[in-house]
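Step one of this worksheet: look at the structure below.
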C-alpha cells in the first residue's frame with residue numbers, strides 16, 4: 001500500500017496544500033514523486049499552489065523514501081525535462097537573492113524598462129551564466145540588429161577571468177542569434193522550434209533551455225505602424241486597438257505554450273511601449289522592472305541600475321522587492337543600500353485586469 005501524504009511528513013506540507021493535492025489526485029508519496037514536472041508546474045499555476053514549495057516537498061520526500069521502481073520503457077518515454085536543471089541563477093548575486101530560485105524553466109519572464117536601463121546587458125549576463133554553469137543552449141531573437149558579441153565576450157572575460165580563450169569560444173558557440181524583424185517572423189520561429197522539438201529527436205533545439213526575445217516592443221511598434229499605414233492608404237478607419245490586442249494575445253499564447261510544452265525559460269524585454277499591458281502581463285510569470293543610468297562615456301557598462309520585482313506568480317504572498325546593483329557585467333556586482341522608498345510605483349500585486357488597456361504610441 002502506498003504511503004499517504006500527511007502534514008507530519010514535511011514541515012512545508014499544510015492542510016491547504018494537502019487538499020489541493022487531493023483535488024489533483026495526488027494522495028501518496030509515489031503519486032507526488034511520479035508526477036510529471038511540466039504537468040505539475042501547469043497544475044500549480046491553475047490551482048494557485050506555490051510550485052517551488054511543492055518542489056521542495058517533492059525533493060525531501062524523494063530523498064527520504066527513495067526512488068520508485070520503473071522499467072526501461074518508462075525511462076525512455078519519460079520526458080527529458082524531468083532530469084534537467086529547472087532554474088538558473090542570473091549570475092548577479094543580489095538579484096538571485098530576491099528571486100530565490102532564479103529564472104525558472106517553463107515560465108515567461110518579462111524584463112521591462114525604458115531604453116538604456118540595462119535590459120539587454122542583463123540578457124547578455126544571463127546568457128553567459130546559463131551556458132557557463134549548465135552547458136545548455138541559448139537562442140537570442142534580435143529584433144533590431146542590436147546584438148553585440150563583443151559585449152558578451154567582455155562579460156564572460158570579466159565574470160570568469162580564469163577561463164581560457166578556447167573555453168570562451170565553446171561557450172559562445174552555444175549562443176545562437178537569430179534576427180527577427182516582424183511579428184510573422186516571430187510566429188514562424190516559435191512554430192519551427194515547437195515542430196522540430198516534437199518531430200526530430202536530433203533537433204538543433206533539443207538542448208534549448210533559454211529563449212530571449214529582445215525586444216517585443218520593437219515588434220509591436222513595427223506591426224502597428226504598418227497596420228496604420230495600410231489603413232491610411234486604403235482610407236479605412238484606424239483599428240489599432242483591435243490589431244494591438246490580437247497581436248499581443250497571439251504572441252503571449254505562443255510563447256506561453258512553448259515555455260510550458262518544452263520546459264524553456266522565455267525571457268522577453270519590453271520598453272514599456274506594448275499596448276494592452278494588462279492583457280500582456282497575464283502571460284508572464286515573473287516581471288522585473290529596470291531603471292538605470294545612461295552609459296557614461298568611456299565606461300563600458302552602467303554604473304548603477306535598479307531592479308524591482310513587480311510580481312511573481314510562483315510566490316504565494318505578493319511582494320515588491322528592489323535591489324540596486326553596480327557595474328552589471330563587470331565582475332561580481334556590488335549591492336548598495338536601497339532608499340527607503342522604491343523608485344517605481346508599488347506593484348506588488350499583479351496589475352488589475354479590469355483596468356483600461358493603454359494604447360501604444362507608434363508615432
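Numbering (UniProt numbering), first residue to last: 1 to 363.
Each residue gets a CB set at the ideal place from its N, CA and C atoms; glycine is no exception.
No experiment lies behind these values; they were computed from the predicted model shown.
Proximal residues to residue 91 (C-beta, below 6 Å), its chain only, five neighbours per side dropped:
Around residue 91, the same chain offers 125, 129 as residues with beta carbons nearer than 6 Å, after the five sequence neighbours per side are excluded.
Taking the continuous beta strand (DSSP E) assigned at residue 214, which residues delimit it?
Start and end: 208-214.
Could you name the residues that DSSP lists as bridge partners for residue 141?
Its beta-bridge partners are 178, 213.
With a Cβ-Cβ cutoff of 7 Å, do residue 190 and residue 258 count as a contact?
In this structure, the beta-carbon distance from residue 190 to residue 258 falls below 7 Å.
Going by other Cβ atoms of all chains shown within 10 Å of its Cβ, with 16 needed for buried, is residue 200 buried or exposed?
Residue 200 is exposed by the Cβ-count criterion.
From which residue to which residue does the beta strand (DSSP E) around residue 270 run?
First-last of the beta strand (DSSP E) with residue 270: 265-270.
Can you give me the start and stop residues for the beta strand (DSSP E) that residue 108 sits inside?
If you look at residue 108, you'll find it in the beta strand (DSSP E) that goes 108-113.
Does the beta-carbon distance from residue 256 to residue 26 come in below 7 Å?
7 Å or more divides the Cβ of residue 256 from the Cβ of residue 26.
So, is residue 178 buried or exposed, given that buried needs 16 or more other C-beta atoms within 10 angstroms?
Here residue 178 is exposed: its Cβ has fewer than 16 other Cβ atoms, across all protein chains shown, within 10 Å.
Rounded separation between residue 14 and residue 5 - CA only
Distance between the alpha carbons of residue 14 and residue 5: 11 Å.
Have a look at the DSSP bridge pairing and note the partners of residue 290.
Residue 290 is bridged to 113, 307.
Unbroken alpha helix (DSSP H) run spanning residue 95, endpoints:
Residue 95 -> alpha helix (DSSP H) spans 93-99.
With H, G and I counted as helix, E and B as strand and the rest as coil, what does DSSP make of residue 148?
When DSSP states are grouped into helix, strand and coil, residue 148 belongs to the coil group.
Is the segment 142-158 in contact with the segment 103-119, if contact means three or more CB pairs nearer than 8 Å?
No, because fewer than three Cβ pairs between the segment 142-158 and the segment 103-119 fall closer than 8 Å, the two stretches do not touch.
What residue range does the alpha helix (DSSP H) around residue 190 cover?
Start and end: 183-199.
For the segment 211-220 and the segment 143-150, state whether three or more C-beta atom pairs, one from each stretch, are separated by less than 8 Å.
Touching, per the Cβ criterion.
Residues bridged to residue 4 (per DSSP):
In the DSSP assignment, residue 4 forms a beta bridge with 28.
Residue environment, residue 133, which counts as buried when at least 16 other CB atoms sit within 10 Å:
Exposed: under 16 other Cβ atoms inside 10 Å.
Just to confirm, are residue 367 and residue 47 a CB contact at a threshold of 7 Å?
The structure shown does not extend to residue 367, since the chain is modelled only from 1 through 363, so no value can be given for it.
Note down the Cα distance separating residue 31 from residue 24, rounded to an integer number of angstroms.
Taking the CA atoms as reference points, residue 31 sits about 10 Å from residue 24.
How is residue 11 classed by DSSP in three states: helix, strand or coil?
If DSSP states are grouped into helix, strand and coil, residue 11 belongs with coil.
In this structure, does DSSP put residue 221 in helix, strand or coil?
In the structure shown, residue 221 adopts helical secondary structure according to DSSP, grouped into three states.
Classify residue 283 as helix, strand or coil using the three-state DSSP reduction.
In the three-state DSSP reduction, residue 283 falls in the coil class, being neither helix nor strand.
Specify, as a first and last residue, the run of the alpha helix (DSSP H) that residue 126 falls within.
Boundaries of the alpha helix (DSSP H) harbouring residue 126: 119-134, taken from the DSSP string.
Whole-Å CB distance - residue 88 paired with residue 111, under 8 Å assumed
Actually they do not touch by this definition, with Cβ atoms about 14 Å apart.
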